[in-house]
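As structure tokens, the structure follows; a few thoughts come after it.
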Amino acid sequence: AEHAISFGKLNKYYGDHHALRDVSLDVEYGETLVICGPSGSGKSTLIRCVNGLETYADGSLSVLGHAVGDDERELEAVRKRVGMVFQNFNLFPHLTILENCVLPQIRGIGRARAEASEVAMAQLSRMQVGEHAEKFPDQISGGQKQRVALARSLSLNPDIMLFDEPTSALDPEMIAEVLDVMQELTRGNMTIICVTHEMGFARAVADKVILMADGAIVEQGDPEQMFTAP
Ligand code: ADP
Ligand code: ADP
Numbered sequence: 008a009e010h011a012i013s014f015g016k017l018n019k020y021y022g023d024h025h026a027l028r029d030v031s032l033d034v035e036y037g038e039t040l041v042i043c044g045p046s047g048s049g050k051s052t053l054i055r056c057v058n059g060l061e062t063y064a065d066g067s068l069s070v071l072g073h074a075v076g077d078d079e080r081e082l083e084a085v086r087k088r089v090g091m092v093f094q095n096f097n098l099f100p101h102l103t104i105l106e107n108c109v110l111p112q113i114r115g116i117g118r119a120r121a122e123a124s125e126v127a128m129a130q131l132s133r134m135q136v137g138e139h140a141e142k143f144p145d146q147i148s149g150g151q152k153q154r155v156a157l158a159r160s161l162s163l164n165p166d167i168m169l170f171d172e173p174t175s176a177l178d179p180e181m182i183a184e185v186l187d188v189m190q191e192l193t194r195g196n197m198t199i200i201c202v203t204h205e206m207g208f209a210r211a212v213a214d215k216v217i218l219m220a221d222g223a224i225v226e227q228g229d230p231e232q233m234f235t236a237p
């Protein structure tokens with residue numbers, strides 16, 4: 008496909024609330040897109056459309072050459088290749104850190120346990136939480152939990168990563184440690200969309216920034232253009 012992700016005049020409603028208004032947007036392979044905008048402007052809804060967590064009313068959406076719409080098989084193909092990290096980690100409290108990263112591989116992509124463990128350990132180490140593998144989520148900090156959530160997602164070898172305010176539930180001293188590992192990710196060839204209020208981070212990593220307001224993309228440009236006062 009020409010673009011990694013392509014929205015064409017997409018509209019989304021929650022009842023009579025018009026949540027996405029004629030959204031057209033292309034994300035290129037390997038690009039890091041940062042989405043900014045006030046609370047309630049549709050940022051989360053937009054990225055949740057990418058892996059089919061939200062449906063839409065009309066328009067088009069293509070992800071890695073697959074049409075994201077009603078076709079369940081296309082949707083399944085997309086979901087296997089798109090990882091998502093939320094603000095609240097979503098780790099299973101009764102499973103160890105390692106098991107949190109192993110189970111999705113076994114259940115989601117049919118990996119054998121031995122290989123899944125090896126992949127999980129490699130990603131946990133890469134995220135600098137390898138030494139906590141045998142602990143449970145409530146035994147590590149918020150910043151560590153979010154890096155585990157990243158390792159879990161990366162263990163599934165996604166081509167695209169979606170981040171929905173990944174640092175907004177963290178204490179200030181933990182934000183930097185998560186942004187650091189994310190910054191490393193943005194240097195690779197993964198395609199990344201990140202909703203964030205961290206402007207310094209956005210400026211450092213974004214290839215493109217969009218600003219949303221009331222369900223529409225109201226500005227779009229490179230970080231220099233977007234963050235330089237007129
Ligand atoms: P943002 O991520 O920019 O804060 P959201 O995409 O979460 O915005 O929400 C956009 C708008 O849609 C908000 O007004 C929100 O209240 C509304 N909304 C989001 N999810 C739902 C839902 N499941 N049902 C009804 N309204 C929703
Ligand atoms: P975010 O901005 O990250 O989407 P929110 O707190 O707005 O976080 O939403 C949290 C959850 O509540 C989401 O699953 C969203 O779809 C749902 N939600 C948000 N607004 C509404 C709403 N007005 N009515 C029903 N559900 C909503």
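Just so you know, the sequence shown maps onto residues 8 to 237 in the working numbering. Beta carbons are placed, not taken as given, at the ideal position from N, Cα and C, and that holds for glycine.
Item                                                                                                                                                                 : Value
Could you check what DSSP says for Gln-112 in three-state terms: helix, strand or coil?                                                                              : helix
Around the Cβ of Ser-46, are there at least 16 other Cβ atoms within 10 angstroms (buried) or fewer (exposed)?                                                       : exposed
What are the boundary residues of the alpha helix (DSSP H) that includes Lys-87?                                                                                     : 79–88
Go ahead and pull the three-state DSSP assignment for Asp-171.                                                                                                       : strand
For Leu-161 versus Ile-200, is the C-beta distance shorter than 7 Å?                                                                                                 : no
Should Tyr-21 be counted as a contact of ligand 1 given a C-beta to heavy atom distance under 6 Å?                                                                   : yes
Is it the case that the segment 150–165 contacts the segment 81–95, given that we only count it when at least three CB pairs across the two stretches are under 8 Å? : yes
Per the contact definition of three or more C-beta pairs closer than 8 Å, is the segment 18–38 in contact with the segment 215–231?                                  : yes
Going by CA-CA distance only, name the one from Ala-84, Gln-153, Phe-96 that's closest to Leu-71.                                                                    : Ala-84
In the DSSP assignment, the alpha helix (DSSP H) including Met-197 goes from what residue to what residue?                                                           : Note, Met-197: premise wrong, no alpha helix (DSSP H); not H, not E.
On a Cα-Cα basis, can you pick out the residue from Gly-44, Thr-52, Leu-60, Gly-66 that is closest to Ser-13?                                                        : Gly-66
What does Leu-40 pair with, by DSSP beta-bridge criteria?                                                                                                            : Ile-200, Lys-215
In whole angstroms, what is the alpha-carbon distance linking Lys-152 and Asp-77?                                                                                    : 34 Å
Return the first residue and the last residue of the alpha helix (DSSP H) that Gly-149 is part of.                                                                   : 149–161
Below 7 Å between beta carbons: does that hold for Val-212 and Gln-190?                                                                                              : yes
Can you find a heavy atom of ligand 1 that lies under 6 Å from the Cβ of Gly-66?                                                                                     : no
Any heavy atom of ligand 1 closer than 6 Å to the Cβ of Ala-26?                                                                                                      : yes
Is there contact between the segment 28–48 and the segment 128–137, where contact requires at least three CB pairs shorter than 8 Å?                                 : no
Starting from Lys-142, follow its DSSP beta bridges and name the residues at the other end.                                                                          : DSSP, once it has assigned bridges, lists no residue as partnering Lys-142.
What is the rounded straight-line gap between the Cα of Ile-54 and the Cα of Glu-122?                                                                                : 30 Å
Thinking C-alpha only, which one of Val-30, Ala-127, Tyr-63 is nearest Tyr-21?                                                                                       : Tyr-63
Could you compute how far the alpha carbon of Ile-116 sits from the alpha carbon of Asn-164?                                                                         : 10 Å
Provide the residue(s) that pair with Met-91 in DSSP beta bridges, ordered along the chain.                                                                          : Leu-169
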